[in-house]
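Residue numbers (our numbering): 3 to 328.
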């Protein structure tokens with residue numbers, strides 16, 4: 003059995019542990035976080051963390067994400083998929099550690115689970131200014147942050163933007179090795195560019211944060227920053243309120259938050275891989291499972307934080323990302 007066939011079989015076997023629509027609805031209806039945790043236990047969610055954690059739902063999510071990443075490292079037959087899925091955690095952790103180096107913050111509250119690089123290894127290298135063996139784009143962001151902190155020009159938004167741009171440059175390169183990843187990256191890049199353009203309507207600022215290799219080019223970025231909203235709807239609106247760019251422009255026109263646009267953009271990956279739901283060959287079955295599981299993690303956080311904060315049940319449902327359907 004080839005590694006790819008084995009990985010696909012393992013991924014398909016794990017789908018029985020995905021949450022699914024029925025459990026998601028039950029979770030939303032829970033009165034307390036503890037009630038929701040009991041339902042999650044039916045799928046073994048966060049099983050490495052004691053249920054005694056109670057309202058500390060973030061520890062459950064972190065445990066489940068760590069288990070997923072372990073599964074990807076051990077099973078994935080496609081290095082580019084492993085890189086694409088895990089790299090974001092590395093960049094989040096690198097940003098956290100560089101801020102902790104200068105601001106003496108508590109890293110445990112800022113970091114994600116380990117991605118491609120073990121957290122302790124990354125922490126040690128950053129605290130010792132030992133960047134040579136780190137990924138090129140991460141190294142560039144770290145050097146930028148060092149200079150900004152030393153010169154006194156650092157801002158939280160500026161540092162975050164540098165690491166976000168570095169992350170996109172990193173996964174842009176790896177996404178070119180796989181058609182599925184290339185398609186996913188293009189939409190991810192477009193969402194980032196549209197979001198910054200429509201939130202700021204400042205072309206000079208947005209151009210500095212522009213993410214390359216998406217479908218939207220710099221000329222489109224300028225239009226999104228400067229042209230009237232009705233003109234933008236005529237140029238970019240697809241006439242379909244499910245299209246995330248249409249939603250973004252409409253929300254900005256009406257002076258509303260871009261939350262619906264964000265939900266649609268973040269749901270795209272799952273909707274995309276569901277187009278060939280019963281694929282059995284190649285990279286797709288493995289990628290499907292991983293994206294379904296990441297959607298589960300996002301939805302569990304949305305539901306549990308909503309319950310914890312006393313949010314209306316219908317509002318919680320509106321925030322949910324696309325999910326696995328049996």
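By construction, the Cβ of each residue, glycine as well, lies at the ideal position given by its N, Cα and C atoms. This one's a predicted model, so the numbers in the text were calculated from it and none came from an experiment.
Counted within 10 angstroms of its Cβ, other Cβ atoms place residue i as buried (16 or more) or exposed
{"i": "residue 272", "result": "buried"}
{"i": "residue 197", "result": "buried"}
{"i": "residue 248", "result": "buried"}
{"i": "residue 324", "result": "buried"}
{"i": "residue 97", "result": "buried"}
{"i": "residue 9", "result": "buried"}
{"i": "residue 155", "result": "exposed"}
{"i": "residue 54", "result": "Low local confidence applies: a pLDDT of 47 at residue 54 is under 50, so the model's placement there is unreliable, with the coordinate-based value given in what follows. Exposed: under 16 other Cβ atoms inside 10 Å."}
{"i": "residue 168", "result": "buried"}
{"i": "residue 279", "result": "exposed"}
{"i": "residue 39", "result": "buried"}
{"i": "residue 89", "result": "buried"}
{"i": "residue 95", "result": "buried"}
{"i": "residue 309", "result": "buried"}
{"i": "residue 116", "result": "buried"}
{"i": "residue 195", "result": "buried"}
{"i": "residue 121", "result": "buried"}
{"i": "residue 233", "result": "exposed"}
Inter-residue CB distance, residue i and residue j (contact presumed, cutoff 8 Å)
{"i": "residue 19", "j": "residue 306", "result": "Incorrect: roughly 18 Å between the Cβ atoms, too far for contact."}
{"i": "residue 108", "j": "residue 91", "result": "Contact doesn't hold; Cβ gap of about 18 Å is too wide."}
{"i": "residue 318", "j": "residue 7", "result": "Contact flag wrong, Cβ pair sits at about 39 Å."}
{"i": "residue 2", "j": "residue 191", "result": "Here the chain covers residues 3 to 328 and nothing more, so residue 2 does not appear."}
Where the alpha helix (DSSP H) through residue i begins and ends
{"i": "residue 211", "result": "No alpha helix (DSSP H) contains residue 211, which DSSP labels as neither H nor E."}
{"i": "residue 81", "result": "81-105"}
{"i": "residue 28", "result": "22-30"}
{"i": "residue 329", "result": "The first residue shown for the chain is 3 and the last is 328, placing residue 329 beyond what the model contains."}
{"i": "residue 64", "result": "59-77"}
Beta-carbon proximity of residue i to residue j, cut-off 9 Å
{"i": "residue 302", "j": "residue 246", "result": "no"}
{"i": "residue 172", "j": "residue 100", "result": "no"}
{"i": "residue 17", "j": "residue 274", "result": "no"}
{"i": "residue 48", "j": "residue 62", "result": "yes"}
{"i": "residue 200", "j": "residue 209", "result": "no"}
{"i": "residue 326", "j": "residue 281", "result": "no"}
{"i": "residue 176", "j": "residue 86", "result": "yes"}
{"i": "residue 136", "j": "residue 127", "result": "yes"}
{"i": "residue 215", "j": "residue 187", "result": "yes"}
{"i": "residue 193", "j": "residue 73", "result": "no"}
Residue of the options minimising C-alpha distance to residue i
{"i": "residue 66", "options": "8, 21 and 211", "result": "21"}
{"i": "residue 300", "options": "268, 285 and 75", "result": "268"}
{"i": "residue 82", "options": "312, 288 and 297", "result": "288"}
{"i": "residue 202", "options": "126, 43 and 251", "result": "251"}
{"i": "residue 229", "options": "279, 255 and 207", "result": "255"}
{"i": "residue 285", "options": "24, 179 and 328", "result": "179"}
{"i": "residue 157", "options": "73, 237 and 104", "result": "104"}
{"i": "residue 2", "options": "258, 12, 35 and 15", "result": "Lying before the first or after the last residue shown, residue 2 is absent from the chain, which here runs from 3 to 328."}
{"i": "residue 118", "options": "194, 75, 141 and 162", "result": "75"}
{"i": "residue 93", "options": "143, 70 and 80", "result": "143"}
{"i": "residue 276", "options": "263, 294 and 266", "result": "294"}
Closer than 9 Å to chain B by CB, residue i
{"i": "residue 31", "result": "Looking at the structure shown, chain B is missing, and only one protein chain is on hand."}
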